Amino acid sequence: MDFALSEEQTAIFDMAHAFGQEHIAPFARQWEADGTIPKALWPQIGELGFGALYVSEASGGSNLTRLDATLVFEALSMACPSVAAFLSIHNMCAKMLDNFADDDLKARIMPDVLSLKTVLSYCLTEPGSGSDAAALKTRAERTNEGYTLNGTKAFISGGGYSDAYVCMVRTGQDGPKGISTVYVEDGTPGLSFGALEQKMGWKSQPTAQVQFDDCKIPAGNLVGTEGDGFKYAMMGLDGGRLNISACSLGAAQAGLDMTLQYMSERKAFGQSIDQFQALQFRLADMEIELQAARTFLRQAAWKLDQGAPDATKFCAMAKKFVTETGSKVVDQCLQLHGGYGYLADYGIEKLVRDLRVHQILEGTNEIMRVIVSRQLLANR
Numbered sequence: 063m064d065f066a067l068s069e070e071q072t073a074i075f076d077m078a079h080a081f082g083q084e085h086i087a088p089f090a091r092q093w094e095a096d097g098t099i100p101k102a103l104w105p106q107i108g109e110l111g112f113g114a115l116y117v118s119e120a121s122g123g124s125n126l127t128r129l130d131a132t133l134v135f136e137a138l139s140m141a142c143p144s145v146a147a148f149l150s151i152h153n154m155c156a157k158m159l160d161n162f163a164d165d166d167l168k169a170r171i172m173p174d175v176l177s178l179k180t181v182l183s184y185c186l187t188e189p190g191s192g193s194d195a196a197a198l199k200t201r202a203e204r205t206n207e208g209y210t211l212n213g214t215k216a217f218i219s220g221g222g223y224s225d226a227y228v229c230m231v232r233t234g235q236d237g238p239k240g241i242s243t244v245y246v247e248d249g250t251p252g253l254s255f256g257a258l259e260q261k262m263g264w265k266s267q268p269t270a271q272v273q274f275d276d277c278k279i280p281a282g283n284l285v286g287t288e289g290d291g292f293k294y295a296m297m298g299l300d301g302g303r304l305n306i307s308a309c310s311l312g313a314a315q316a317g318l319d320m321t322l323q324y325m326s327e328r329k330a331f332g333q334s335i336d337q338f339q340a341l342q343f344r345l346a347d348m349e350i351e352l353q354a355a356r357t358f359l360r361q362a363a364w365k366l367d368q369g370a371p372d373a374t375k376f377c378a379m380a381k382k383f384v385t386e387t388g389s390k391v392v393d394q395c396l397q398l399h400g401g402y403g404y405l406a407d408y409g410i411e412k413l414v415r416d417l418r419v420h421q422i423l424e425g426t427n428e429i430m431r432v433i434v435s436r437q438l439l440a441n442r
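Residue numbering for the sequence shown follows this note's numbering, beginning at 63 and increasing consecutively.
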């Protein structure tokens, strides 16, 4: 059992961290104020191979392991978890297309997807179906030319911003077996978007409803086989849960690093506040919790890479534990900054806001508990 990162993995982390600190961190607050991420950023990220992290080499991807990918998202989220998480969504879509799209569709779209000239959004959630995702109602009716889509997707990161949308739609009966996956390009007639959502965090990610009104797509934009879309969507979520956990971990680590620096400079009662034992204990608790979260996350990623039978359970457990740990740590970081932590200038309050949603998306942490408990009971 080897807990050390390989030289290659260390290099991957260092490359992602250096890029984030140079090209993302200095601008994160401005992008949050603007409510968008400059489109010019994505091809720069694509040049590093980060637009196709676990897409196969045969398709032109980086073919990294899930563990490798968590290192990328941990490192990038130290600069901005909102930007890192958006990249995670694109990569989840890219992997679905690599695994299940036919050769003609892949030949047409994948080169731009891999380079991040085409930025992807993932459309599963609807106004009436969140945790109960299989209850989705957006319908794709078969036509002579392809499909006509009608319905609405909600809480879509990149709604109105992305270049294409990987959508779960109903082509058949109620329930999961009636769901298929389709690829909808921006500018398709009948595709429109709601007003931008005003969110607590992730403010640099444009988020909006995605609406289909007699939106016609060609038959070749079906991804995989009709009726298998829900299966494809769920297969992507294990990795997505690891990635969002990594985003919590990296942001919380950045928060702790900033707090250590602040406490060494802030004076009270004649000494820097990092010399008070009560506050040192708080620092120690945060370090212990982050190290436990990091180990748990990497174990879950290793299990997913190995195809372990309990990989889904471990991904769910890690997602619940790491995202809650991340939020707890940044909240404590804000407290240790005192009133300054409440000010935008110090960067801590942004982390508190950005990380809160990680306990909701990629499956709520309540659903993570459902997954774990079901497997426990099934294995009695």
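Beta carbons: idealized from backbone N, C-alpha and C, even for Gly. Note that the structure is predicted; figures quoted are calculated from it, not measured.
In chain order, 300 place their CB closer than 6 Å to the CB of residue 374, counting only its own chain and leaving out the 5 sequence neighbours on each side.
Between the beta-carbon of residue 335 and that of residue 325 there is about 5 Å, and that keeps the pair under the 8 Å contact cut. Per DSSP, the beta-bridge partners of residue 218 are 270. Residue 231 sits away from residue 246, with the two beta carbons spaced by 7 Å or more.
Relative to residue 224, the option among 333, 122, 235, 270 whose CA is nearest is 270. Ranked by how close their Cα comes to the Cα of residue 193, the residues 432, 439, 437 have 432 in first place. For the set 429, 205, 97, 169, the Cα lying nearest the Cα of residue 383 is the one of 429. Here DSSP, grouped into helix, strand and coil, assigns residue 140 to coil. DSSP, reduced to helix, strand and coil, places residue 68 outside both helices and strands of the structure shown, so it counts as coil. With a 10 Å radius around the Cβ and a threshold of 16 neighbouring Cβ atoms, residue 262 comes out exposed. Here the alpha carbon of residue 340 sits roughly 29 Å from the alpha carbon of residue 141. In the DSSP assignment, residue 294 falls within the alpha helix (DSSP H) that extends over 291-327. By the neighbour-count criterion, in which 16 or more other beta carbons inside 10 Å mark a residue as buried, residue 205 falls on the exposed side. Given a length threshold of 3 residues, each whole run of the beta strand (DSSP E) inside the stretch 196-257 is given here in chain order: 201-204, 208-219, 226-232, 241-247, 253-255. Distances from the alpha-carbon of residue 438 to those of 371, 409, 226 put 371 closest. Bridge pairing for residue 285: 243 [DSSP]. Taking the Cβ atoms as the reference, residue 392 lies roughly 6 Å from residue 417, within the contact range of under 8 Å.
Residue 175 and residue 156 have their alpha carbons spaced roughly 7 Å apart. Listed in chain order, the non-local C-beta contacts of residue 95 below 6 Å within the same chain number zero, local neighbours out to five positions each way being set aside. With fewer than 16 other Cβ atoms inside 10 Å of its own Cβ, residue 84 counts as exposed. The count of Cβ pairs closer than 8 Å, one atom from the stretch 179-190 and one from the stretch 150-165, reaches three, so the stretches are in contact.
In the same chain as residue 93, and ignoring 5 residues on each side of it, the C-beta atoms closer than 6 Å to its own belong to 99, 266, in chain order.
Among the bridge pairs identified by DSSP, residue 279 is matched with 209. Here residue 184 is bridged, per DSSP, to 228. Going by C-alpha positions, residue 197 is about 26 Å away from residue 380. For residue 438, the enclosing alpha helix (DSSP H) has its first and last residue at 427-440.
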